[in-house]
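Everything below concerns the one structure shown next.
Protein chains: 2
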Amino acid sequence: MTTKDTYTISDLAKEFDVTTRTIRFYEAEDLLKPARRGQTRIFSKGDRVRLKLILRGKRMGFSLAETRELFDLYDNSLKGSEKQLLLMLETLARKREQIEQQKKDIEMMEQEMDSAEARCRDALAELQKKAGRKASSSKESKATEAG
Amino acid sequence: MTTKDTYTISDLAKEFDVTTRTIRFYEAEDLLKPARRGQTRIFSKGDRVRLKLILRGKRMGFSLAETRELFDLYDNSLKGSEKQLLLMLETLARKREQIEQQKKDIEMMEQEMDSAEARCRDALAELQKKAGRKASSSKESKATEAG
DNA sequence: GATAAAGTTTACGTAAACGTAAAGGTGTTT
DNA sequence: AAACACCTTTACGTTTACGTAAACTTTATC
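These protein sequence lines are chains S and R, in that order.
For the first sequence, UniProt numbering assigns the number 1 to the initial residue and increments by one for each residue that follows.
For the second sequence, UniProt numbering assigns the number 1 to the initial residue and increments by one for each residue that follows.
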């Protein structure tokens, strides 16, 4: 085998930098369904992937309910009646719109961060110019130009 | 003037589909600082932009605290000591990393949605093929091919 | 076989982000 | 001036997503 194929709760907690409480909470919310050996939870590779997806959802601003909805989509994309499948396609379409909005949001935020950073660097340069004049009036001065 | 240049609280609430309670909450959290005429809040164009930014932050999964931090960056990008400005640049860099991660997250999620949608459509086609056979055995059948 | 380390359940606590309701001021329109 | 719409503050309630602590069992190790 390439890697381990089962994990303890603290294995995953360490790997993904969450607490065991968090992982147990996700199980209580039916987002994870680890096997048991006696009382002890045993996580499979699939469980590990699930956890990774939950945390990705969090980074994207999804609630656990939304992530659960996505899991249902993935899990049931082969089952269900025609009506169910059509509903799923609609849900997928809505999620796609949401993602498209996020992309726009990200673009705009990047532009604003660019401009904030530019202003910030200008202000810094200004400060250093003043400091430079002060230094040259008391001692020596270096080149004014910067690469 | 091109558009209105002041707004009531319910103007903004309607435009952005939030409650007035939400807007008042943002003011209490110092994310908005509307003017007052007597007791009544009067929102400027700047306030309106702020609100838009807050809601964009929400869509991106930012907490109000994170959004406030960004506001501070924008507002203070021209002020502060050299040390402060350098700290701001670091904060900006961290935000950029966060955004980069989000882009990756979005890409992967899109791939998964593609595959979920494909499976979904396959399952649908399968169902319709069966329905087609059933129909043809009792009555007539239409073309099997789909555009 | 003691004891420490990691696992478990149960249960109360908490921060964030509002919802909801009460009680009242302002203003305008019929 | 009565009624209605919209504004305000104050304050307690609610949901989500865990944190924290207590009490207990199972597993590893010396």
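Just so it is clear, CB atoms sit at the ideal spot from N, CA and C, and this is done for glycine as well.
Quick one: what's residue 44/S bridged to in DSSP?
6/S
Residue closest to residue 35/R, alpha-carbon to alpha-carbon, out of 53/R, 63/R, 8/R and 19/R
8/R
Is residue 141/R buried or exposed, if buried means 16 or more other CB atoms sit within 10 Å of its CB?
Reliability fails at residue 141/R, whose pLDDT of 43 lies under 50, so the model's placement of it is uncertain and the value that follows must be treated cautiously. The residue in question, residue 141/R, is exposed, as its Cβ has fewer than 16 Cβ neighbours within 10 Å.
Note down, in chain order, each residue of its chain lying with its Cβ closer than 7 Å to the Cβ of residue 3/S, except the 5 sequence neighbours on either side.
none
Any beta carbon of chain S sitting closer than 8 Å to that of residue 110/R?
yes
By a C-beta neighbour count over all protein chains shown, 10 Å radius and 16 as the cutoff for buried, is residue 50/R buried or exposed?
buried
For the stretch 118-134 of chain S against the stretch 76-92 of chain R, are there 3 or more C-beta pairs whose distance is under 8 Å?
yes
Nearest-angstrom Cα distance between residue 33/S and residue 44/S?
10 Å
Limits of the unbroken alpha helix (DSSP H) element including residue 62/R
No alpha helix (DSSP H) holds residue 62/R; DSSP gives it neither H nor E.
Residues in the stretch 90-103 of chain R having any Cβ partner in chain S nearer than 7 Å
92, 95, 96, 99, 101, 102 and 103
For a contact defined as C-beta to C-beta under 7 Å, what are the partners of residue 77/S on chain R?
116, 119, 120 and 123
Residue 12/S CB to nearest chain R CB: under 8 Å?
no
Can the beta-carbon of residue 61/R be found closer than 8 Å to that of residue 59/S?
yes
Backbone CA spacing between residue 82/R and residue 124/S [nearest angstrom]:
6 Å
On a CA-only basis, which of 109/R, 93/R and 92/R is nearest residue 98/S? Give me that one, please.
109/R
Taking the alpha helix (DSSP H) that residue 29/S falls in, what are its first and last residues?
Per DSSP, residue 29/S belongs to no alpha helix (DSSP H) and is neither H nor E.
Identify, in the order they occur along the chain, each residue of the same chain with its Cβ nearer than 8 Å to the Cβ of residue 31/S, setting aside the five sequence neighbours on each side.
50, 54, 64, 67, 68 and 71
Chain R contacts made by the stretch 18-50 of chain S, where a contact means CB separation under 9 Å
none
Separation of residue 112/R from residue 133/R, as counted between CA atoms:
32 Å
Buried or exposed (CB count within 10 angstroms, at least 16 for buried), residue 93/R
exposed
With 9 Å as the limit, tell me which residues of the stretch 59-89 of chain R have their beta carbon closer than that to any beta carbon of chain S; keep them in chain order.
59, 60, 61, 62, 70, 73, 74, 76, 77, 78, 79, 80, 81, 82, 85, 86, 88 and 89
Against chain R, does residue 54/S count as a neighbour if the rule is that its beta carbon must be under 8 Å from one of theirs?
no
At 9 Å on the CB atoms, spell out the chain S contacts of residue 105/R, in chain order.
56, 57, 59 and 60
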